Amino acid sequence: MLYTPFEIQETVDMFLRQKLDIRAITLGISLLDCASSSGTESRKRIRDKLLRIAGPLVRIGSEIEDEFGIPIINKRVSVTPIALVAAASDEADYAPWAKTLDDVAKELGIDFVGGFSALVQKGMTLGDRRLIDSIPASLAQTDRVCASVNVASTKSGINMDAVREMGRIVKEAATLTSERDGIACAKLVVFCNAPEDNPFMAGAFHGPGEGDSCLNVGVSGPGVIKAALESCRGASFDELADMIKKTAFKITRMGQLVGEEAAARLGVPFGILDLSLAPTPEVGDSVARILEEMGLESTGTHGSTAALALLTDMVKKGGVMASTSVGGLSGAFIPVSEDEGMVAAVKAGSLHIDKLEAMTCVCSVGLDMIAIPGDTSPSTISAIIADEMAIGMVNNKTTAVRLIPVPDKKAGDWAEFGGLLGGAPVMSVHNFSSEAFIARGGRIPAPIHSFRN
Amino acid sequence: MKAIISVVGSDKVGIIARVSNFLADRGINIDDISQTILEGNFVMMMMVDLSKSSEQIGPLKAELDTLGDQLGVSIAMMHERVFSAMHRI
Numbered sequence: 001m002l003y004t005p006f007e008i009q010e011t012v013d014m015f016l017r018q019k020l021d022i023r024a025i026t027l028g029i030s031l032l033d034c035a036s037s038s039g040t041e042s043r044k045r046i047r048d049k050l051l052r053i054a055g056p057l058v059r060i061g062s063e064i065e066d067e068f069g070i071p072i073i074n075k076r077v078s079v080t081p082i083a084l085v086a087a088a089s090d091e092a093d094y095a096p097w098a099k100t101l102d103d104v105a106k107e108l109g110i111d112f113v114g115g116f117s118a119l120v121q122k123g124m125t126l127g128d129r130r131l132i133d134s135i136p137a138s139l140a141q142t143d144r145v146c147a148s149v150n151v152a153s154t155k156s157g158i159n160m161d162a163v164r165e166m167g168r169i170v171k172e173a174a175t176l177t178s179e180r181d182g183i184a185c186a187k188l189v190v191f192c193n194a195p196e197d198n199p200f201m202a203g204a205f206h207g208p209g210e211g212d213s214c215l216n217v218g219v220s221g222p223g224v225i226k227a228a229l230e231s232c233r234g235a236s237f238d239e240l241a242d243m244i245k246k247t248a249f250k251i252t253r254m255g256q257l258v259g260e261e262a263a264a265r266l267g268v269p270f271g272i273l274d275l276s277l278a279p280t281p282e283v284g285d286s287v288a289r290i291l292e293e294m295g296l297e298s299t300g301t302h303g304s305t306a307a308l309a310l311l312t313d314m315v316k317k318g319g320v321m322a323s324t325s326v327g328g329l330s331g332a333f334i335p336v337s338e339d340e341g342m343v344a345a346v347k348a349g350s351l352h353i354d355k356l357e358a359m360t361c362v363c364s365v366g367l368d369m370i371a372i373p374g375d376t377s378p379s380t381i382s383a384i385i386a387d388e389m390a391i392g393m394v395n396n397k398t399t400a401v402r403l404i405p406v407p408d409k410k411a412g413d414w415a416e417f418g419g420l421l422g423g424a425p426v427m428s429v430h431n432f433s434s435e436a437f438i439a440r441g442g443r444i445p446a447p448i449h450s451f452r453n
Numbered sequence: 454m455k456a457i458i459s460v461v462g463s464d465k466v467g468i469i470a471r472v473s474n475f476l477a478d479r480g481i482n483i484d485d486i487s488q489t490i491l492e493g494n495f496v497m498m499m500m501v502d503l504s505k506s507s508e509q510i511g512p513l514k515a516e517l518d519t520l521g522d523q524l525g526v527s528i529a530m531m532h533e534r535v536f537s538a539m540h541r542i
């Protein structure tokens, strides 16, 4: 036999028992050629282009699932930040663009479209401002569109005017969807150093530096890493690290296979592979449980940051060798509502927002899917964003914030978002004001080590 | 295309016969086969050639599931390239 029974069993178990999956194949499509002085014309061009390029995406994804026996959970599309495309028109409200993206996604059976986005780390154009103002209504009126705003970068510093605006926007988006626990906020990410090729939602967009179209793949598999570590109980960190690296390598090879195959069948170049341990609310698909497997009683206790640092780095190391081009976020995500173990840790009282913030220094994204009290002020939300952006800026890494100020709910109440987004207890935030800090506006300059030219 | 079929479960008379018959009826050739009993469990791995299969892969998998249920074993089928990607550099 070409493969040993052990090898075959290992692979089969990964899929059948440990919930290994391709989280998403994300087709990035440039819409730069869809700009027009007429909004109607621009939206028509977008629609035509998406139908033409992404038309076969869902069918091809399903064919690969069947043929290879690998589950592909989501088929997604990411597009050029809409602020760049819609700016040529004189329309002030960009919600119709969001509607167009949503309509096409529904027509084609695509799960999510990312790219209702603006890149404002250094300043805002009129188009950026209009897009940001359109976010709450756009997200409230659509189901599958995801928005993101990059407000900071290591090279440019933090645009504190944009940070202030985003506090208000997050709050407004929650209010507009108050009957569904503020679900619009689950589709909105604020970034520092946003990658232009990220296949994961809600932060996916097709950066202006990308080609016309390409296929990016997001691979997940916390369950597989957890299972692998179960065989390392009591072993030293060297052994533990090596096991994570080897397992990440195997998972990534599978993603590379699917990515190349999907790209070839779609007739577009293969973009990048993003190996990110992205949890789901299902039992056995949790990043928190990996940290606990390393020897922590409950995630959030002392040692959690070190455990996560090891995990993120080893996932990257295993992934880099296994793929022709690794990109996106690659590492480990620590969302709260989407991770059964995180939710349990919050309920147990071991995990608080301050510890989560510390952990974001070493995870691959940031403060993610955290429900906070509905009466949190916009300036406090902005201040949480500012802290997270500072971590990303100074550490030269991507950080993001996806907070849901759940309308009419207070700390300890349950917020439910449904599906892959899960549900979570509302976490408390500091009650001391940051109002005067956020009111200043302007820019926090880039750190000294950004001058590497 | 080549695929790997794994059959795992409690041992009983006729598992290989039933699975092989199932494959033969559909024009699927067995290229390689290995079977053993591990800790009381029946474990069989087969490399099969689907190029002359009379059936599409989707329905084939569903039928294998049903056969597995009848035999009280778990049957999984995956593309050979998945194993090659994961275990061979």
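Protein sequence lines correspond, in order, to chains Z and P. Per our numbering, the very first residue in the first sequence carries number 1; after that it's consecutive. Per our numbering, the very first residue in the second sequence carries number 454; after that it's consecutive. For every residue, glycine included, the Cβ atom is placed at its ideal position computed from N, Cα and C. On a predicted model such as this, the values are computed, not experimentally measured, just so you know.
Using a Cβ cut-off of 9 Å, which residues of the stretch 514-536 of chain P contact any Cβ in chain Z, in chain order?
Those would be Lys514, Ser527, Ala529, Met530, Met531, His532, Glu533, Arg534, Val535, Phe536, in chain order.
With three or more beta-carbon pairs closer than 8 Å as the criterion, would you say the stretch 19-31 of chain Z touches the stretch 71-85 of chain Z?
Because the criterion of three Cβ pairs below 8 Å is met, the stretch 19-31 of chain Z and the stretch 71-85 of chain Z touch.
Please return the same chain residues whose Cβ sits closer than 8 Å to the Cβ of Glu230 of chain Z, not counting the five positions on each side in sequence.
Excluding positions up to five away in sequence, the list reads Glu293.
Are any of the Cβ atoms in chain P nearer than 8 Å to that of Met314 of chain Z?
Not closer than 8 Å to any Cβ of chain P, the Cβ of Met314 of chain Z fails to qualify, so no.
Residues of the stretch 52-72 of chain Z in Cβ contact with chain P at a cutoff of 7 Å, in chain order, please.
If you check each beta-carbon in the stretch 52-72 of chain Z against every beta-carbon of chain P, the ones closer than 7 Å belong to Asp66, Glu67, Phe68, Gly69, Ile70.
Closer than 8 Å to chain P by CB, Arg289 of chain Z:
Answer no: the Cβ-Cβ gap between Arg289 of chain Z and chain P never drops below 8 Å.
Leu491 of chain P: first and last residue of the uninterrupted beta strand (DSSP E) it sits in
482-491 is the extent of the beta strand (DSSP E) around Leu491 of chain P.
If contacts are defined as beta-carbon pairs under 8 Å, then Gly423 of chain Z and Leu351 of chain Z qualify, I think. What distance do you get, rounded to the angstrom?
In fact, because the Cβ distance is near 15 Å, the residues do not count as touching under 8 Å.
Of the residues Z:Val287, Z:Ser325, Z:Ala105, Z:Ile183, the one placed nearest Thr312 of chain Z, counting alpha carbons only
Closest option to Thr312 of chain Z, Cα to Cα, is Z:Val287.
Cβ atoms of Thr100 of chain Z and Ala140 of chain Z: under 8 Å apart, would you say?
Going by C-beta atoms, Ala140 of chain Z is not nearer than 8 Å to Thr100 of chain Z.
Residues of the stretch 253-281 of chain Z whose Cβ lies closer than 8 Å to any Cβ of chain P, in chain order
Against chain P - using a Cβ distance shorter than 8 Å - the residues of the stretch 253-281 of chain Z are Arg253, Met254, Gln256, Leu257.
Could you list which residues in chain Z have their beta carbon closer than 7 Å to that of Ser487 of chain P, in chain order?
Neighbours of Ser487 of chain P on chain Z, chain order: Met1, Pro5.
Residue environment, Val466 of chain P, which counts as buried when at least 16 other CB atoms sit within 10 Å:
Burial call: exposed.
Spatial neighbours of Leu240 of chain Z within its chain, please: CB distance less than 8 Å, with the 5 preceding and 5 following residues excluded, ordered by chain position.
Answer for Leu240 of chain Z: Leu229, Cys232, Met294, Leu310, listed in chain order.
First and last residue of the alpha helix (DSSP H) that includes Thr247 of chain Z?
For Thr247 of chain Z, the enclosing alpha helix (DSSP H) stretches over residues 237-266.
Can you name the residues that DSSP bridges to Glu416 of chain Z?
Z:Gly423, per the DSSP bridge assignment.
Cβ-based burial, Asp375 of chain Z [other Cβ within 10 Å; buried from 16]
Asp375 of chain Z comes out exposed.
Can you pull out the residues from the stretch 8-30 of chain Z whose beta carbon lies closer than 9 Å to at least one beta carbon of chain P?
Correct list: Ile8, Gln9, Glu10, Thr11, Val12, Met14, Phe15, Leu16.
Note the first and the last residue of the continuous beta strand (DSSP E) segment covering Lys495 of chain P.
Reading off the sequence shown, one finds Phe at residue 495 of chain P, where the question assumed Lys. Counting along the chain, the unbroken beta strand (DSSP E) around Phe495 of chain P starts and ends at 494-502.
Distance between Ala515 of chain P and Ala371 of chain Z (C-alpha atoms, nearest Å)
If you take the alpha carbons of Ala371 of chain Z and Ala515 of chain P, they lie about 41 Å apart.
Evaluate Pro512 of chain P with the Cβ neighbour count: other Cβ atoms within 10 Å of its Cβ, from every protein chain shown; 16 or more gives buried, anything less gives exposed.
Pro512 of chain P should be labelled exposed.
Going along chain P, which residues have a C-beta under 9 Å from Ile250 of chain Z?
This sequence places Lys at residue 250 of chain Z; Ile is not what is there. Within 9 Å Cβ-Cβ: Ala538, Met539, His540.
Do Leu476 of chain P and Ile486 of chain P count as a contact pair if the criterion is CB distance below 8 Å?
With respect to Leu476 of chain P, Ile486 of chain P sits apart: the two C-beta atoms are not nearer than 8 Å.
May I ask which residues mark the beginning and end of the alpha helix (DSSP H) holding Asn395 of chain Z?
Segment 378-395, the alpha helix (DSSP H) holding Asn395 of chain Z.
Same chain, Cβ closer than 8 Å to Ser36 of chain Z, five either side skipped, listed in chain order
Hits under 8 Å: Ser42, Arg45, Ala88, Ser89.
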